[in-house]
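J.: A single structure is presented below for examination.
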Ligand SMILES: [Cu+2]
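Numbering (my numbering), first residue to last: 198 to 331.
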């Protein structure tokens with residue numbers, strides 16, 4: 198029994214040293230891929246014009262997600278699967294052209310300027326969002 202106990206203690210010591218030997222980076226494995234961070238935003242994002250169904254089965258008027266982050270010169274694509282008339286009206290100077298009322302399909306806009314650009318659907322006060330361009 199004594200040798201087994203000793204090897205168990207050795208295993209614990211090895212695991213502990215591996216856990217502490219990753220450079221003190223906060224618990225991630227040293228070989229894990231680095232997730233996209235603030236320094237590497239995506240070049241594209243998608244926003245649905247419709248937030249699914251509420252508990253009564255009615256379509257929710259919302260942008261989903263309501264906020265996206267993209268790289269400069271990245272593209273955001275808004276899709277409208279709802280059959281309802283929605284639009285994307287920007288409220289921030291420097292934003293691309295608004296997307297007019299439409300009941301279906303997709304529309305994309307490219308953002309050449311860094312900043313945060315608020316938008317809303319002027320038909321539905323609950324539909325607001327923003328694009329942050331880094
Ligand atoms: Cu709308």
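C-beta: ideal position from N, C-alpha, C; glycine also.
Quick caveat: nothing in here was measured; it's all calculated off a predicted structure.
Could you tell me whether the Cβ atoms of residue 265 and residue 328 are closer together than 7 Å?
T.: In terms of Cβ geometry, residue 265 and residue 328 form a close pair [threshold 7 Å].
J.: Does the pairing of the stretch 266 to 284 with the stretch 241 to 256 give three or more beta-carbon distances under 8 Å?
T.: yes
J.: Is residue 299 a contact residue of ligand 1, with contact defined as CB to any heavy atom under 6 Å?
T.: Checking every heavy atom of ligand 1 against the Cβ of residue 299, none is found closer than 6 Å.
J.: Look at residue 287 and residue 295 and say whether their C-beta atoms are less than 7 Å apart.
T.: Contact: yes.
J.: With distances taken from CA atoms, which of 319, 272, 292, 251 is nearest residue 303?
T.: 272
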